[in-house]
Every structure is written in C-alpha cells, then in structure tokens.
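Below: one structure, written as structure tokens.
Residue numbers (our numbering), protein chains in the order written: chain A, 1 to 419; chain B, 1 to 419.
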C-alpha cells in the first residue's frame, strides 16, 4: 500500500478515553512495578475481524501509534485543566506522559480471528485499551465499505446522518435527559465521531455534557469525561490472596480518595457483581458522588443503588447515576422514566452514538459489534471480571468458578451483549 | 458581501502576540483603573490603507473579533504552560481572560486614510494591538490582490515560497543564528504565517526558537515567545509628574521582577532612548537576562549594552540580546558577525519573515509597510515614545519636545523605517 493513500485511524495519543489519564495517574503512582497483559476480545463471534482487516494495515496503524508522543501543547492542556479538580495531574505523572511511548504489541493471525495483546508496565500498557479498539473498529469498517460504489457510500452516510439527527431530535423532547459521548472505542471512524460530536454540540445545548475522548474535548472545547474502570479492581483483586480478594475490590476506591475529590468520585461496582459490592462496601462509599452502571438492567441496578443509599439514610436525589452499557435513545428514555424522579442521571452513550449504521445498507457486517481490550494477567496472576451479566465475563473458566465462589453469584444473570 | 464568502482575518483571541498576556497580567494586577486609547498609525504615507481596504470588510472583521471569547481549551493551555515559569498566569488573571470581550473600536474614514482607535480599560484595550494590525494587514493584501488572475496569484505565491525558502537555506549556513517568528502583526495573511512557520519548523531545527503568535505556538507545538513592550513605560511615564518621569521608565521593570523570573526578564530600553536608559538604570537591571533592541542600528545598540555590562563587571557572554527591528537575513548575518562572539543573540524576525512578497509581482503595493497600533493617551495624559530612531517617534509635537528635554536626545538619530 502506498503510504500516501493510507491514513492511520488514531493519529494522536490524545485520541484516547480521558479515564486512561485519571486511572493512569493512580496506577503510575501506586503500582509502578506491576506488569500486565491487555488482550483484544471480540465478543461477537459472527464478526470475522481477522479475515476482514488487512494485517498490513493493522500493523501499520499500530506502529503509527507507537511512534506518537504527547506534544507540549497536549501536556499544557492536561496540566492547566481545572474542570473536575485543580491541578489534577501531578508533575511526576505529566513527566511520565512527556516521554511515554506505547509499548510493543503482539499480533498473531489465526484464521478468521486475530490475537492482539500488549504486555509491559501497567501504566504504559493501559494506554493501549481504547486506542487499539478504535484502530480495529475503523479498519474493520473501512474494509467492509471498501467495495461500495461512490453512490452506495453517499447513501450510507446520508442515512447514518439522518439516523443520528433523528435520535437527537427525539432526545430534545426529553430535556431532563443528558448524555456524554462515550463512543471512541467502537466508533465508525475518527471523522464520524467528530461529526457526531459536532452535531450533538450544535443541537443539544445543555443536554450534551461532554465527551470521553480527550482529543475531541481539547479540539472542540468540551468537557472531558471519565473516571475509573474495571481494570483497577481486576488487577488489584488478582494480586490479592483469596482471603483478601473481596476487600481488594475497594482498594481502587481508597487510592482514588487519596487522589481525586468529590467531582471524580464515581464508582463502578459491577466487576464482581453489584449486589455483593454494595452489601460489603464500607460506609465511605455511600458518600461518593455517584455510580456508573455498566452491565445488566440499568433500572434494576439503579434501584439497587437507590435502596442501598436509603439504607445509609442518604437522599438518592443528591447522587448521580451514569448508565453506560449499550445505551440508545429508547433505553435512555426508559431509564429516565423509571429512575429520573428518584436520582440524577447522566448517560454515557457509546457505540450507538458514534457507530449506528444499522439499516443504512444491505451489508449486515456494517453493524456495531461487541469487543473489548481487557487486562487478562497481572504479575502472572489471571485477571477476572464477572460483571452483572454472565455474557460479559472474562477470564479462564476454572478461575471464573473460583471467583464466583469467593464473591457469590447473587444478582448475576445473562443477557446478549450487542455492543 | 455574502457571509459565506468572507472569512475574518483573525478568528481566535489566541491569534495574538504572547507578550499581550505577559504584559496584560501586570497591567491587570497593578493598573486596573487606568483608561487608555490605542491608535492605529500608518507610518508609511505611500500606502493608502483607507482607500484600499473596503470599510465594510474592516468593520465586519473587527466585529468578528469583538464576538470572540477565550475557549476552555485556550485557558487550560495558558494555565498549564510551564515553559518560562511555572503557573505564570495567576487565577485572577485567567478569570479575567475567561470573560474578556474586546472593547469597542472607533473607525472613521478620512479620504485615503482611516482613523482607528480603541478606548477603555488598559488591560482590555491593550489586547487589540496586534489583532487590529493583523486584521488591517491581511485585508490590505487581499484587496491589493483582488484583481489578480488565478495565474498571477499562483506565480506570486510560488515566488514568495521560493524567496522564503532561500532565506532559510542561507540561514542554515550560519548555525549560530537563531530566530523566532515575530511576524503576526504585519503578516501577509494568517495562512501565510502558518505556512512560513511550518517551513521554518521543518527546515531549521534548533535554529528556529519559537513564535510570538500564541495560536501558532498552541497549534504547532512551538515555544510562545514574548515579554514586554513600549506601552508599559509609555503609560507609566505619562502618568508620572515631570520630575519623576525618568525614574518612571523603570517602574515596569520593578513590577516585572515581582511577577516573572529570570527567563522572562528581557528589558526594552529604547522608549526614551537607550543611552539615557542605561546611564540612569539601577544596578538590578544589569542582572536581567537580556535586552531587546528595537530601533536604530542593532550593532551600535548591542555595543552600547555590552559596554554597559562591562561597566558593571558582567560578562556579556552570560547575556542575551534580541534584535527585533525590521530584520532580514543580511542584517541577521551582520549582527551575528559583529556581535556573535561577544554576546548571545536570538533574533525576532517579523515582517520580512511573514510578509516578504517584494518582487513577486509588478504591483508595488504588495510590499510590507510600516504601521503600529500604539497607546496615545492614558487617563487624559498624552503618551509619547521617542525611541532611538526619530522616525519612530510617536506623540504630539510639543509633548515630544518636552520629553526630549526631560530625557535628553543623546544617541537618537533618524533612519527610514521600512517595516
């Protein structure tokens, strides 16, 4: 392929979810020596990623990212940010970013599948997560659309534009519903995400809160959104002896409290099941600003949180719930209808915001699909995630069974994951 | 004119010389109540700006600027900057910028001339200086080139590109010569300045130090360059009673020392003549990092500084001189040859970097011309600048004569100002 023809899907280290920085700082400070492996997991087995994406394009795109560094302007921006908290990034961490280059990848093609993994220092490897996903996602759709005629392409984009604008028009009718873009990792493309964000910014006023994509926040003057994710409890629980594992799921929260103030204190309870997380949680967790909900039914999980808050005699109306699991307009409306009078809500709208091309062409491969890039190993211990949805479980079978015994399975169920 | 056809020359408040922020902070802090008037002065009487620039375009461009505000990203960038000094901008000043809108302008067309002035709070009006100049400059060249054919335009730009690249190639032969772009205010256009900066960045390596244009520094990851200028002594001397005027020229330096550290301590001695400035200067000025030279012969002024440093038993090799008066390659080479063994040099290269279209067409109006936007009044006192070049003097005649008596005229001479 001629270099002039090929444009790498991710062209800046700022084109990454903001939570990689907020988590990254904690990881850099408290776990500088932990070695981890992150691995691409295509949950949707009907999507033959390895067959569709040309291997040379994938290597070239990942190599391109490995050559990137943060610019002086990038660092000034992160350093000068005082949205969530003043001087939220410490000088040492900014120095770490200044010289950071992303660690090597390991790519093996196995028939219709690809094995893609990253091994190295946790704070470095962690940065690959949403970048690797955005690379895979965009290369996949480019390949799927490669054989389309100019006419077909125009129609696909015209329909996708229409589709997104109608979603936003529908949301305008429910002014209490607010949302942020959480769709970098599974976007149709960089440019499409930028277009979607531009449309939301122009149409939605106060209903559009911000974006998880740091580059988009930087470039389009939006609030960067993000706090923490499953990887923190997954690693810290893996490193803990079995007897301490239940307690270790709260260790990220303790470190978070040392690092960030109330604005960024949003916990994610579902790594080993939301029910046991809340049942075993220390009281200080009830003082946190809110909860992100990322698996199982958002309304039932919301009620679980609300009831738990009432147990601590805390008014749920003082708290924030951030649903972020495969949302679209209808689910956002339902959550608002069911929970909006009881608790503050703000949605993290992902793939179906930045990548809903369903029905724009007869090619069924042009749909969003479920994939993640998860930590699978930390210092030679396997990392496990149960979640509230058994279809989102990751880890080796026997370890999963062991974890189920340690954490219990109350409140876990199974539902098909689409995105 | 159709709005879709017209693009305002200045489209961001960051498209401004960086010294407007460093000075602005001092002005905001120490002189919040001073009212000033800045006025456009076209020194080159052969350039009929008022005849050439369409008044509606000028009004539209200035109105466009008045609608601009600093974005969140702009503020984060300024806030996070730690190039010259850590947290160089105070929260109060950043708050001031956050809500700043530029004050009104007064525009009167008088035949071939235009009268353009700005009156209001000093810290606000001051921001107009390089913005107003950049607007005038670009609208002027657009108008001059309006009747050129596509073919002519292509040739003009091809020749200007060739010209600049040859200048840079020549400078590559003198690796000791370093320079910054100081050319926002009299640029051919925004896009041309951006092109020139891109070329310098790609060709000049360590010889290209940075740019005085904050937007360009931000966007192209360069060092923003700038410290202080004539307006500070001009206002403070105007406000002082006659018996204190000589001392008042050092007041900006005293405030500067309270605000900025060594990296930004570059003094500009020529507001009322370099000779008397150095003769009367307190010893602490000799400790400053260096001197900017902005009028009269750079070599003679450089020697004046060197001899003065020796009087204080300071090694000139520990100091920096920044020539910034109408430089081009030959003068940069001469300054380097004559002074480069004795003192550190770094050039501020302005109009002939961002606007040298001489010889690219038969239209003689396509040359750089000398104009400034100067403070002319502060709290009802006229503001005077003598400089080391009597052709750069600004102020009413009788006041100039009075100032000459107060400051003396030793070392002042006259030489034609081209840019």
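Every residue gets a Cβ at the ideal spot worked out from N, C-alpha and C, and that includes glycine.
Assign residue i to one of three DSSP states: helix, strand, or coil.
i, result
"residue 178 of chain B", "coil"
"residue 313 of chain B", "coil"
"residue 54 of chain B", "coil"
"residue 240 of chain B", "coil"
"residue 382 of chain B", "strand"
"residue 323 of chain A", "strand"
"residue 342 of chain B", "coil"
"residue 406 of chain A", "helix"
"residue 63 of chain B", "helix"
"residue 431 of chain A", "Residue coverage of chain A in this structure runs from 1 to 419, which leaves residue 431 of chain A outside it and unanswerable."
"residue 358 of chain B", "coil"
"residue 27 of chain B", "helix"
"residue 292 of chain A", "strand"
"residue 16 of chain A", "coil"
"residue 245 of chain A", "helix"
"residue 6 of chain B", "coil"
"residue 47 of chain B", "coil"
"residue 90 of chain B", "coil"
"residue 281 of chain A", "coil"
"residue 193 of chain B", "helix"
"residue 273 of chain A", "coil"
"residue 70 of chain B", "coil"
"residue 161 of chain A", "helix"
Between the options, which lies nearest to residue i when the distance is taken from Cα to Cα?
i, options, result
"residue 356 of chain A", "A:379, A:195 and A:219", "A:195"
"residue 188 of chain A", "A:175, A:365, A:54 and A:98", "A:365"
"residue 416 of chain B", "B:392, B:55, B:115 and B:34", "B:392"
"residue 184 of chain B", "B:358, B:349 and B:376", "B:349"
"residue 178 of chain A", "A:22, A:102, A:321 and A:190", "A:321"
"residue 239 of chain B", "B:324, B:314, B:252 and B:328", "B:252"
"residue 242 of chain A", "A:45, A:76 and A:405", "A:405"
"residue 121 of chain B", "B:13, B:377 and B:400", "B:377"
"residue 275 of chain B", "B:309, B:396 and B:85", "B:309"
"residue 211 of chain A", "A:222, A:205, A:254 and A:204", "A:222"
"residue 293 of chain B", "B:156, B:45, B:341 and B:268", "B:268"
"residue 77 of chain A", "A:305, A:234, A:218 and A:304", "A:218"
"residue 182 of chain A", "A:409, A:352 and A:401", "A:352"
"residue 344 of chain A", "A:289, A:362 and A:153", "A:289"
"residue 261 of chain B", "B:61, B:85 and B:203", "B:85"
"residue 200 of chain A", "A:171, A:403, A:272 and A:135", "A:171"
"residue 326 of chain A", "A:297, A:336 and A:319", "A:297"
"residue 202 of chain B", "B:214, B:224 and B:220", "B:220"
"residue 328 of chain A", "A:346, A:342, A:311 and A:362", "A:346"
"residue 314 of chain A", "A:245, A:25 and A:285", "A:285"
Please look up how many angstroms separate the CB atoms of residue i and residue j, rounded, as I've assumed it's under 8 angstroms.
i, j, result
"residue 390 of chain B", "residue 413 of chain B", "7 angstroms"
"residue 270 of chain A", "residue 295 of chain A", "5 angstroms"
"residue 126 of chain A", "residue 20 of chain A", "6 angstroms"
"residue 422 of chain B", "residue 264 of chain B", "A query on residue 422 of chain B cannot be resolved here, the shown segment of chain B reaching from 1 to 419 and no further."
"residue 209 of chain B", "residue 180 of chain B", "5 angstroms"
"residue 193 of chain A", "residue 354 of chain A", "5 angstroms"
"residue 256 of chain B", "residue 228 of chain B", "6 angstroms"
"residue 74 of chain A", "residue 14 of chain A", "5 angstroms"
"residue 273 of chain B", "residue 381 of chain B", "That belief does not hold up - the Cβ atoms of residue 273 of chain B and residue 381 of chain B are roughly 20 angstroms apart, past 8 angstroms."
"residue 79 of chain B", "residue 80 of chain A", "3 angstroms"
"residue 109 of chain A", "residue 50 of chain A", "5 angstroms"
So what does residue i bridge to, in DSSP terms?
i, result
"residue 107 of chain A", "A:116"
"residue 210 of chain A", "A:180 and A:223"
"residue 389 of chain B", "B:413"
"residue 371 of chain A", "A:42"
"residue 121 of chain B", "B:35"
"residue 394 of chain A", "A:385"
"residue 267 of chain A", "A:291"
"residue 347 of chain B", "B:179"
"residue 303 of chain A", "DSSP lists no partner for residue 303 of chain A."
"residue 377 of chain B", "B:37 and B:382"
* To do: Please list the residues of the region 61–85 of chain B that have a C-beta atom closer than 9 angstroms to any C-beta atom in chain A, keeping them in chain order.
  => Hits within the stretch, in order: 71, 72, 73, 74, 75, 76, 77, 78, 79, 80, 81, 82 and 83.
* Asked: Any residues in the region 201–233 of chain A with a beta carbon nearer than 7 angstroms to a beta carbon of chain B? Which ones, in chain order?
  -> Taken in chain order, the members of the region 201–233 of chain A whose beta-carbon sits within less than 7 angstroms of a beta-carbon on chain B are 218 and 221.
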